[in-house]
Structures are given as structure tokens and as C-alpha cells.
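2 protein chains.
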Amino acid sequence: MRKSQQRTAIFEELGKLKSHPRGDELYDIVRQRLPRISLGTVYRNLELLRQRGMVLELPCGDFNRYDGKISPHHHFLCRQCRRLWDFNPDIAPGESKPIKNTADFQIESQFTVFYGLCRQCLAKT
Amino acid sequence: MRKSQQRTAIFEELGKLKSHPRGDELYDIVRQRLPRISLGTVYRNLELLRQRGMVLELPCGDFNRYDGKISPHHHFLCRQCRRLWDFNPDIAPGESKPIKNTADFQIESQFTVFYGLCRQCLAKT
DNA sequence: TTTGATGCAAAGTATTTGCAATCGG
DNA sequence: CCGATTGCAAATACTTTGCATCAAA
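Going down the list, the sequences are from chains A and B. Per the working numbering, residue 118 is the first one in the first sequence, and the count goes up by one each step. Per the working numbering, residue 118 is the first one in the second sequence, and the count goes up by one each step.
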């Protein structure tokens with residue numbers, strides 16, 4: 118994989134974010150740094166970086182959102198506003214339990230999504 | 118909410134599935150029962166049923182896939198073929214641990230996604 | 001010089017929406 | 001009858017792709 122300004126910018130800008138953007142959302146951000154970058158380049162590079170394990174697709178069935186943090190962490194999803202946050206409860210469930218393979222599935226990792234209401238949406242109720 | 122043939126069919130067909138379809142995928146299935154149903158009707162009803170809590174969006178940040186099962190269960194996601202399966206390991210991690218709220222988040226439930234390779238994709242390696 | 005990477009634009013896929021017609025209570 | 005719901009089609013949103021050009025090694 119060659120170096121390119123574009124790929125570097127995509128990787129670095131994603132790493133700075135706490136949100137989990139789609140390709141087009143990251144495009145808007147990276148464009149502030151490289152105004153002439155194209156949307157296709159962003160999508161192509163995200164897929165490339167994903168294959169190399171340099172960024173994570175959200176490992177929850179949503180293949181179109183990316184996470185620049187490789188280290189394990191959990192997420193909180195607000196059912197009202199649907200924002201997704203990084204979230205590390207004091208007790209991370211499951212982490213202490215052994216991962217068990219079955220005949221059908223070879224498990225490499227596991228991720229927990231907490232689901233409920235964020236503070237703002239709670240206040241509106 | 119009034120009754121309609123269409124809504125009933127959408128709800129019932131989704132309930133029969135073990136997969137977690139998008140709107141257009143469910144449309145193909147429901148159409149075998151109601152050939153004249155329209156795609157827009159399927160999307161509109163899924164959103165309606167979701168708001169009433171009658172179906173679940175996949176509580177993992179993927180708002181475009183639906184699950185007809187309300188009772189808690191886990192999922193396995195194959196990183197290669199990207200199929201998503203219902204999955205209940207013998208030890209469901211986290212279930213025995215208390216759910217703890219924080220100042221920012223009111224947690225209503227939690228879901229674990231196991232991530233790795235399914236049997237078929239493993240065989241190809 | 002060679003080939004991977006890019007910009008651009010067109011095509012493809014998934015979802016939402018406006019509106020007149022229809023159906024259920 | 002009245003308003004919720006529908007079918008249809010057009011519009012929107014997001015992603016992928018073909019191709020000529022550019023740039024890294």
C-alpha cells in the first residue's frame with residue numbers, strides 16, 4: 118500500500134473523532150483539510166483501511182459506519198435521537214467471561230451495545 | 118392505529134424469519150403473500166411498528182434492519198460474508214451482571230454481538 | 001517507468017416522500 | 001363520511017464503479 122496525502126488525512130481525521138461517521142460524513146470533514154479530495158476516494162480508502170484492520174467497521178451489523186479506535190470499547194445507542202456514543206461502564210459486561218466457540222461460529226471478539234435514552238432525550242420526556 | 122391487511126402481513130412475515138432483513142428484503146417476502154403491496158408501505162409500516170415497540174430495529178446502530186423477536190437474544194456477525202445470525206452461546210456474557218446507569222445514559226437494555234467467522238467462511242480459508 | 005491511487009461523473013442500491021385513490025371505523 | 005392507509009412514481013440519500021490522469025517508488 119503506497120502512501121498518499123488523501124489516505125493519511127482520512128485515517129488521521131477519523132482517529133480524531135468521537136462519532137462514527139459514514140463515508141460521506143467523513144468526506145465533509147476531510148474536505149476541510151484537502152478541499153480537492155473526492156468522495157470516491159474516501160469510500161475506497163475506508164474499505165482498504167478496514168481490510169488492513171486499521172479502522173473498524175462498527176461491528177454491529179452496520180457496515181457503513183467506521184470507528185478509528187482499535188482498542189476495545191463499548192457503545193451506547195440512544196433509541197430516541199439514535200446517536201451512538203463511546204461508552205465504558207464501570208463494569209464492562211462479558212469481558213471477564215470466557216469466549217466459547219461453537220461448531221458453527223469461530224468467535225474472535227465480542228461487543229456490547231447499551232441501549233436506552235441519553236441525557237438530553239431523557240430531559241425531554 | 119387501524120388494521121390493514123398490509124400491516125398484518127408485514128408483521129407476521131417478519132415474525133417468521135430468523136434473518137434480519139432490510140425493508141426492501143422484507144418487501145420481496147411479503148409480496149409473495151400480497152402481490153400488490155408497495156415498497157413504500159413496507160418501509161412506512163416498519164417504522165410505525167418500531168415506534169410502537171412491536172418490532173425491534175437491530176439495536177446495534179443499524180437502523181435499517183429489523184428483528185421480529187422481542188425477547189432478548191444475541192447475534193453473531195461473520196466478518197467475511199457479513200451475514201448476521203441469531204446466536205445464544207451457553208454463557209451469555211453480561212446477562213448476570215447488573216446494568217448500571219450513569220449521569221449521561223439511562224440504560225434500558227444491552228445486546229452483545231459476537232464477531233468472527235462462520236463455518237462456511239472458515240472452511241474457505 | 002510502472003502501477004497504485006486519484007478525481008470526476010455516471011450508475012447502482014436503499015430509502016423517503018407527495019399525492020390522489022381507497023379502505024376501515 | 002372522515003381520516004388513516006395505500007399504490008405509485010418521483011425524489012432523495014448513500015455507495016460503488018469505469019476511466020483517464022496523476023504521482024509514489
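Beta carbons are placed, not taken as given, at the ideal position from N, Cα and C, and that holds for glycine. None of these values were measured; they are calculated from a predicted model.
query: Three CB pairs or more closer than 8 Å across the segment 144-157 of chain B and the segment 196-205 of chain B; result: no
query: Proximal residues to L175 (chain B) (C-beta, below 8 Å), its chain only, five neighbours per side dropped; result: H137, R182, Y183, D184, H192, L201
query: Classification of G233 (chain A) by the beta-carbon crowding that lies within 10 angstroms, buried from 16 upward; result: buried
query: Inter-residue Cα distance where the pair is F231 (chain B) and R169 (chain A); result: 20 Å
query: Environment of G132 (chain A) [buried if 16+ CB atoms lie within 10 Å]; result: exposed
query: Entirely enclosed alpha helix (DSSP H) segments - the segment 149-184 of chain B, minimum 4 residues; result: 156-168
query: Contact with chain B by Y232 (chain A), beta-carbon distance below 8 Å; result: yes
query: DSSP-derived helix/strand/coil call for T229 (chain B); result: strand
query: Test: R236 (chain B) CB closer than 8 Å to a CB of chain A; result: yes
query: Chain A residues whose Cβ lies nearer than 7 Å to that of Q223 (chain B); result: G233, L234, L239
query: Chain B within 8 Å of D179 (chain A), Cβ atoms only; result: yes
query: Rounded straight-line distance, which links the Cα of E129 (chain B) to that of L151 (chain A); result: 50 Å
query: Endpoints, beta strand (DSSP E) assigned at D221 (chain A); result: Neither: D221 (chain A) is in no beta strand (DSSP E) and is coded neither H nor E.
query: Residues sharing a beta bridge with H192 (chain A), DSSP; result: A:D203, A:V230
query: Reference D221 (chain B); option with closest CA among A:F222, A:A220, A:L239, A:D221; result: A:L239
query: Pick from B:D179, B:R148, B:C195 that is closest to P123 (chain B), judged by C-alpha positions; result: For the sequence presented, residue 123 (chain B) should be read as Gln rather than Pro. The shortest Cα separation from Q123 (chain B) among B:D179, B:R148, B:C195 belongs to B:R148.
query: Between the CA atoms of K120 (chain A) and K135 (chain B) - distance to the nearest angstrom; result: 44 Å
query: Three-state secondary structure (DSSP) of K214 (chain B); result: Because the pLDDT at K214 (chain B) is just 47, under 50, the model does not fix this residue reliably, and the value given afterwards should be weighed accordingly. Three-state result, K214 (chain B): coil.
query: Beta-bridge pairing of C238 (chain B) - partner residues as DSSP gives them; result: Answer is none; C238 (chain B) lacks a bridge partner.
query: 8 Å Cβ cutoff, R199 (chain A) in contact with chain B; result: yes
query: Range of the contiguous alpha helix (DSSP H) that encloses Q122 (chain A); result: 122-133
query: Contact list for the segment 128-157 of chain B against chain A, Cβ threshold 7 Å; result: none
query: Same chain, Cβ closer than 8 Å to K186 (chain A), five either side skipped, listed in chain order; result: G132, L173, D203
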